[in-house]
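Novice: Numbering (the working numbering), first residue to last: 1276 to 1673. Beta carbons are placed, not taken as given, at the ideal position from N, Cα and C, and that holds for glycine.
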């Protein structure tokens, strides 16, 4: 009988293999347990994540600081970031660690926004200033800190004298270079704040001296005024180029009224107009005010719904950037009085004078300096800027 040589091998291997039915069950249970653990872990993570509240957004803000000349006023100029409402924040200084909420906001509102100043009375100028936010749910947060080491220099310069050095916190600048003065003034919040809250004469003479070789400096203490009529011959106009500008005009709502980039403001002098004032440097106007004027506000070719306003009062304007300034304003004297007229660095009048002086189409000088204070009650005019023409007793001066 012939045997199958493969049969024994086959049967032998089959006899050596042992099948354990519990092994397959154990592997299935292990896989199920592993999946259960993963699901449980994911569920725990989800619960933790879902139970956490949404992170609170903290405002972002930038500001510059400065003080006035005697160090009794602290100014915080908002130059970027979010708007903060009164009651949501406090000011802390190294000279007074208690949070201060007794600040004023320069535009009279309850919101500290771009282009406005916080004003605090201080016993002495601080070197560090912080804004602390308390309007959230997580307690107080320091939004930003800054130094306050620049103060307004006390400088009084007559138009016919050599400019004195202007002192910053760590250096003197050459005030004979107009551009140096412009850069210094525009970077010094306290000087701008003085211009906004006091008078153009606080910094005007310093800049006027620096640009005296290419400017007109005029003052008359009696019998002088801006020329007016009843036909809108004399006006002052400009276009807004930067956000954060505003103007306060009786009859406009809101007041002050925020201005948009592209807005054009035109102020017409009327027969009863008086007390026109403007002060600016570079591409900024820190003050525009007048009484008894007509005002037109338009956005390119779209008139404002509240415009024009007739025989109204412009209380204040803060223009962060402008271009295309046009002016037909005219200064004319009408009798004797203390007079100073300096044209392109040359003194033409200095003392009591009865000449008929007419300065027509006044405008800023090349660095953007424009100072005009016309007090009709006192019949005083102070002007620093440029003009299309200047005549004295009918004869051209420029």
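#1: What are the partner residues of residue 1612, as DSSP defines its beta bridges?
#2: Can you tell me whether DSSP reads residue 1550 as helix, strand or coil?
#3: The beta strand (DSSP E) with residue 1560 in it runs from where to where?
#4: Here's a check: name, in chain order, each residue in its chain whose Cβ is nearer than 7 Å to the Cβ of residue 1641, leaving out the five neighbours to either side.
#5: How big is the Cα-Cα spacing for residue 1596 and residue 1626?
#6: Of all the options 1562, 1646 and 1548, which has the alpha carbon lying nearest to the alpha carbon of residue 1522?
#7: Using 8 Å as the Cβ pair cut-off and three pairs as the minimum, do the region 1606-1619 and the region 1583-1597 touch?
#8: My assumption, with CB atoms under 8 Å, is that residue 1376 sits in contact with residue 1365. Please give the rounded CB distance.
#9: Excluding five sequence neighbours on each side, which residues of the same chain lie with their C-beta closer than 8 Å to the C-beta of residue 1335?
#10: One question on the structure: do residue 1382 and residue 1391 come within less than 7 Å of each other, judged by their Cβ atoms?
#11: Since residue 1546 and residue 1504 should fall inside the 8 Å C-beta cutoff, what is the C-beta to C-beta distance between them, to a whole number of angstroms?
#12: On the DSSP letters alone, give me the boundaries of the beta strand (DSSP E) that residue 1504 sits inside.
#13: From 1591, 1558, 1620 and 1672, pick the residue whose C-alpha is nearest to that of residue 1598; which is it?
#14: Can you tell me whether DSSP reads residue 1461 as helix, strand or coil?
#15: Suppose you measure from the CA of residue 1654 to the CA of residue 1410; what does that come to, to the nearest Å?
#16: In the structure shown, what three-state DSSP assignment does residue 1435 receive?
#17: Return the first residue and the last residue of the beta strand (DSSP E) that residue 1589 is part of.
#18: Please classify residue 1675: does DSSP put it in a helix, a strand, or coil?
Specialist: Working from what's here:
#1: One-based indexing of the chain shown puts residue 1612 at position 337. Note: residue 1612 sits in a beta bridge opposite 1628.
#2: The residue you call residue 1550 lines up with position 275 of the chain shown. In this structure, residue 1550 counts as strand in the three-state DSSP scheme.
#3: Stepping through the chain shown from its first residue, residue 1560 is reached at position 285. Residue 1560 -> beta strand (DSSP E) spans 1559-1574.
#4: In the chain shown, residue 1641 corresponds to position 366, counting from 1. Answer for residue 1641: 1489, listed in chain order.
#5: For the purposes of this step, residue 1596 is taken as residue 321 along the chain shown, with counting starting at 1. For the purposes of this step, residue 1626 is taken as residue 351 along the chain shown, with counting starting at 1. Distance between the alpha carbons of residue 1596 and residue 1626 is about 37 Å.
#6: Position 247 of the chain shown, counting from 1, holds the residue named residue 1522. It is 1562.
#7: no
#8: Translated into the one-based positions of the chain shown, residue 1376 becomes position 101. Translated into the one-based positions of the chain shown, residue 1365 becomes position 90. Confirmed, Cβ separation roughly 5 Å.
#9: As a first step, residue 1335 is located in the chain shown; it is residue number 60 there, counting from the start. Non-local C-beta neighbours of residue 1335 in its own chain, meaning closer than 8 Å and more than five positions away in sequence, comprise 1356, 1357 and 1418, ordered along the chain.
#10: To locate residue 1382, count along the chain shown from 1; it is residue 107. To locate residue 1391, count along the chain shown from 1; it is residue 116. Going by C-beta atoms, residue 1382 is nearer than 7 Å to residue 1391.
#11: Counting from one through the chain shown, the residue named residue 1546 turns up at place 271. Counting from one through the chain shown, the residue named residue 1504 turns up at place 229. Between residue 1504 and residue 1546 the Cβ distance is about 6 Å, and since that is below 8 Å, they are a contact.
#12: Indexing the chain shown from 1 puts residue 1504 at position 229. From DSSP, residue 1504 is part of no beta strand (DSSP E); its letter is neither H nor E.
#13: Working through the chain shown from its first residue, we reach residue 1598 at position 323. Comparing Cα positions, the closest option is 1558.
#14: Here the question's residue 1461 lines up with position 186 in the chain shown. In the structure shown, residue 1461 sits in a helix (DSSP, three-state: H, G or I).
#15: Locating residue 1654 in the chain shown gives position 379, counting from the first residue. Locating residue 1410 in the chain shown gives position 135, counting from the first residue. Rounded to the nearest angstrom, the two C-alpha atoms are 50 Å apart.
#16: Counting from one through the chain shown, the residue named residue 1435 turns up at place 160. Note on residue 1435: pLDDT 34, under 50, position unreliable in the model; the coordinate value appears next. Note: residue 1435 maps to coil in three-state DSSP.
#17: Translated into the one-based positions of the chain shown, residue 1589 becomes position 314. Start and end: 1584-1593.
#18: Residue 1675 lies beyond the residue range present for the chain, which begins at 1276 and ends at 1673; the question has no answer from this structure.
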